[in-house]
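In the order they appear, the protein sequences are chains A and B. Just so it is clear: in the first sequence, position 50 is 50 by our numbering, and no numbers are missing. Start counting at 1 in the second sequence, then tack on 645, and there's your number in our numbering.
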Amino acid sequence: MSTATATRTQRLLPPLMRQPSLFRALEFTLLGVAFSFGLSALVRWGYDLHPIVDATAAAPIIMLAAPLFFLVGLGAFDYWFYWAAGKKTRAEDHSSHGARSWKDYFRINTDHKVIGIQYTVHSFLFLFVGGLMAMLMRAELAAPGRQFVDPNTFNGLFSVHASVLIFLFIIPVFAGLANFVIPLMIGAPDMAFPRLNALSFWLLPIAGVLMMASFFMPGGSFASGWTAYAPLSDSAPIGQDFFTIGVQFAGASSIATALNFLVTIITMRAPGMSFFRMPLLVWANFSTSLLVVIATPFIAASQFFVLLDRSLGFNFFDASQGGDVLMYQHVFWFYSHPAVYIMMLPGFGIVSEVLAARARKPIFGYRMMAFSLLAIVVLGFTVWAHHMFVSGMQSWIRLPMMVTTAIIAVPTGIKIFSWLATLWKGVIHLDTPMLFALGFLTMFTLGGISGVMLAMIPLDIHVSDTYFIVAHIHYVLFGGSLFTIFAGVYYWFPKMTGRMFDERLGRIHFWGTFIFFNATFAPMHLIGVQGMPRRVSDYSEQFAGWNLFISISSWMLGLVSLVFVYNMVASWRGGPRASANPWRALTLEWQVSSPPPIFNFDHLPTVVGGPYEYGVPGAVHGVFKKPEVPVATAGATAGPPEEGA
Amino acid sequence: MRRGNRNIAGAIIVGTIASAIGIAAGLLIHWFPTAASTQAAPIDTLWDVLLIVSIPIFVTVSCVVLFSVKWFRMRPGQEQDDGAPIHGNTRLEVVWTALPSILIASLVVYAYLVLSDIEKAPADPAREMHVNVHAQQFAWQFEYKGTNGKTVKSDDLYLPVGRSVKFDIRSDDVLHDFWVPAFRMKIDAVPGIKTHYRVTPNKLGNFEVVCAELCGLGHAFMRADVHVVSGNDFSAWLAKAGEPPAAAGGSQTAAVDGKKLFTEGNGTATACGSCHTLADAGTTAKIGPDLDKAIATLAPAAIRKDIVDPNAAIYPGFSKGIMPADFAKTLSPKELDALVNYLDKVTSK
């Protein structure tokens, strides 16, 4: 009988509305909007508020509920509903695993390799959106006075620029690269929770759409900075809600992915892969995931406080009603300082992989490299108030924060020196991934140095909230994080796409980026110390010369990135086929075909040694045992499995 | 072992020369704005010390990268070679953990000494002057205790040279930050609490107060003038500013200029023209409605209501909460009348 009912219901709906797809997701989203309006109208009717149907009142409910409807429509929860309804589970259900056509990238897909590419491509779209906003800001700042945009739009531009690049580019692009690489590196067939992994990715476009949509709201986009300091954010126009709620989705995505990484790394390593045989990229993402899981709930809380203040008239940050303005900053920075390491540690991992493989040497001081990551995780939680030296908080707390901030330079220094020692007596292949890794070493050192300067309270008092801060953060996140991201994208491009990129264009991209990055951000140190505050659309005449120079450099930097786009797109479509292991690296992801087989390993590897034993005669990291069932054409033991479909 | 001519001594010489040039350039660059307080010198010296310490570190890292590339770059024929299998060196690792730790510890101690120096209370607290700083979107106001015990308010900051002054800083609306770059000191103005710092101006001249914490639309324009004057000039100014309003009002002339008020504000109230377009006043801002269109048909009473209660009626395409709602407080009744008359006159043609 039940089958008969099921068939009947199914016949009532055309297949497009029945099957999980973007189309069904759209239907459900509209349903979610209707539901939110209904709920809001019901409550307003109950409290006798007029008008009963009020788009402004319904907006926060829509922003929270419609995305959940979207995910249901997309099919993110289909299997869980199936399981929760008590139906018989399918132990080996791979129906949504793998990509056989481009369409498979636009649905719920449980294959970590597909998700990794979804993450990476999606993140890079936002890199270019965020970069365009930066260039528009630089157009406004090219000369004193008003050029192109009014102050409200300008404040919106820098707020969305930072939010998009932090929450929709740097954090997720690292999660994307790690998603692709980590199961392969540790010899696992997939992540521990593939369906959660798919859900994690699809939360991101929601955050992206929300943040971008804020530009179309009355009063403009959110304009209180990515820091969204209360009480300015409490009283801002409706665009602020798009940040407050958008961050929740990006944060939920981060937390879910971090849990997934932790469980995968702890429980799914191949036989013989002890913690101290793990590649440092795995160590780096293990450390990052610890940071994410512990810290991210704090930014969620800070934004929920703001949302409650805004939507329901709570007074968390209204001083006249007993609210505490400084509390916002403490809760916010308790996440947002560790977030700086969330945006840096995975890059440390990438650089370790690239340097070892391209200098043909073992990583110098492997164990200290791993321990210094953990030291940064612990110390990272003890320095948050160095962002608040001039906030008016109790003055004694500044001293311990200065000390811990300075101490964190020690494990970071250990890493820099160990990378330098890794180069010594190597055979350095100076190709694009290596150039970006070396560029990172020098530029991140500068960012670290200005970081130590900022830890010194007396200097920080003068340069807080000036362009010196803008320079510092871009040396860390552009010269640091983005350089490692480029290194990683070039390094794993052959593995992800099965194609080689154009080396010559890669070098042009590196040198252009390196030169114009410095031309853009180095002068900001100077104008900052001279007294130009940040987050201003206008400035005094004395800074005009440098600002014009910075603006022109930033546009050149933007132009150079087109070389990267062309190289990636053209090489993916028609680059020469990549071999399984073009870099002759030892880690496991290079021991399978490019791109890897749909289930990663035809037979799981056994790890017998460290990951970077370059130059050690006869050293092997992993071996592939012969399959148990004898095959007629038995191949070599360590040979890569055949090409995936 | 594979290549002979690695001239390490030469590399060290190159690094030393580069560091020397870097430090010289770093010290020659004119980094800071004018120094006008006793707090500035220790901070500027701290910066020089940080430069002297930092530049050799950066040069060392860069030199190791560059010379490694020079010496160990893959030569033709080495395509299949690997480097030397060096896994680590405990002594080296101890050195590069210990040395930076010592360096960092010394810098922290030094920074602490500078901090105590710049925040030190004056030897004679009775001689210290107190100024209340009031921040609001998007203007500063300074309050002094006048000679006759009355409070004296000013939109410009007047300070006597050579005397320690303690600022008590407050905000009514959102966060601001009271920064005088020439004094090197800043602190947030935080709703609900009072924050403080002290400086001792030591140079006569005119400087600028800059708001350094994002506070909304007018943040970039939230500035005020600082006048550091001699002790006698200051006393004279304070006495004059503290005279009954008749004198102050008299000097401003009886008729308030509505157009001037529109384009420049009154020091407390933000200028209308920084957000609104008005052909007669020559302003072109687009944050708020274009007044040539928006109020052309309105009667004076309606214009007045829109100024003092801007959220009551919102012009299409704009939203609530952007225009300051406190013009009834920040404009005197006379100023409000003048502004309404002016607007009515120039928009109803």
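All residues carry an ideal CB built from backbone N, CA and C; glycine is no exception. Note that this is a predicted model, so its numbers are computed, not measured.
Using a CB distance below 7 Å, the part of the stretch 814-840 of chain B facing chain A consists of Val819, Leu820, Asp822, Pro826, Arg829, Met830, Lys831, Ile832, Asp833, Val835, Pro836, Gly837, Ile838 and Thr840, ordered along the chain.
Of the other Cβ atoms in all chains shown, 16 or more fall within 10 Å of the Cβ of glutamine 118 of chain A; this residue is therefore buried. If only uninterrupted alpha helix (DSSP H) runs of at least 4 residues are considered, those enclosed by the stretch 361-418 of chain A are 366-380 and 398-407.
In the assembly as shown, valine 331 of chain A is a buried residue. Its beta-carbon has 16 or more other beta-carbons within 10 Å.
Residues of the stretch 522-533 of chain A that bring their beta carbon within less than 8 Å of a beta carbon in chain B comprise Leu526, Val529, Gln530, Gly531 and Pro533, in sequence order. Boundaries of the beta strand (DSSP E) harbouring lysine 790 of chain B: 784-790, taken from the DSSP string. Just so you know, the alpha carbons of alanine 250 of chain A and arginine 24 of chain A end up roughly 23 Å apart. Leucine 588 of chain A: not part of any beta strand (DSSP E); DSSP gives it neither H nor E. Close to chain B, meaning a Cβ-Cβ distance shorter than 8 Å, are the following residues of the stretch 404-434 of chain A: Ala406, Ile407, Ala409, Val410, Gly413, Ile414, Ile416, Phe417, Ser418, Leu420, Ala421, Leu423, Trp424, Lys425, Gly426, Val427, Ile428, His429 and Leu430. For glutamate 858 of chain B, the closest Cβ of chain A is nearer than 8 Å. A contact between stretches requires three or more CB pairs, one per stretch, nearer than 8 Å, and the stretch 300-312 of chain A fails this requirement with the stretch 198-217 of chain A. Just so you know, the alpha carbons of phenylalanine 389 of chain A and arginine 398 of chain A end up roughly 6 Å apart. Rounded to the nearest angstrom, the gap between the Cα atoms of methionine 135 of chain A and valine 806 of chain B is 44 Å.
The beta strand (DSSP E) runs of length 3 or more contained entirely in the stretch 10-60 of chain A do not exist; there are none. For lysine 831 of chain B, the enclosing beta strand (DSSP E) has its first and last residue at 830-834. In the three-state scheme derived from DSSP, where H, G and I count as helix and E and B as strand, methionine 453 of chain A is classed as helix.
When C-alpha distances from valine 282 of chain A are compared across A:Met327, A:His337 and A:Gly349, the shortest belongs to A:Gly349. Per DSSP, reduced to three states, the secondary structure at glutamine 781 of chain B is strand.
The DSSP-derived three-state label of alanine 944 of chain B is coil.
The CB of threonine 845 of chain B never comes closer than 7 Å to any CB in chain A; the least such distance is about 15 Å. Residues of the stretch 863-891 of chain B whose Cβ lies closer than 8 Å to any Cβ of chain A, in chain order: Gly863, His864, Ala865 and Phe866. If you compare the alpha carbons of A:Leu379, A:Ala409 and A:Pro189 with that of serine 746 of chain B, the shortest gap goes to A:Ala409.
Partner residues in the beta bridge of glycine 850 of chain B, as assigned by DSSP, are B:Val873. In the three-state reduction of the DSSP assignment, glycine 575 of chain A falls in the coil class.
Residue state for tyrosine 490 of chain A is assigned as helix, using DSSP reduced to three classes.
Nearest C-alpha to serine 919 of chain B among B:Gly863, B:Ser713 and B:Phe717: B:Gly863. When DSSP states are grouped into helix, strand and coil, tyrosine 960 of chain B belongs to the coil group.
Here arginine 138 of chain A is not bridged, per DSSP, to any residue.
Lysine 811 of chain B is bridged by DSSP to B:His775 and B:Arg843. Residue pairing from DSSP places serine 682 of chain B in a beta bridge opposite B:Pro846. Assignment of serine 816 of chain B by DSSP, reduced to helix, strand and coil, places it in the strand class.
The secondary-structure analysis by DSSP pairs isoleucine 598 of chain A with nothing; it has no beta-bridge partner.
Within the same chain, Cβ atoms closer than 7 Å to the Cβ of aspartate 460 of chain A are found at Phe389 and Leu454, the five residues on either side in sequence being excluded. The alpha-carbon separation between isoleucine 674 of chain B and serine 664 of chain B amounts to approximately 15 Å. When the beta-carbon positions are compared, glutamine 248 of chain A and arginine 310 of chain A stay at least 8 Å from each other.
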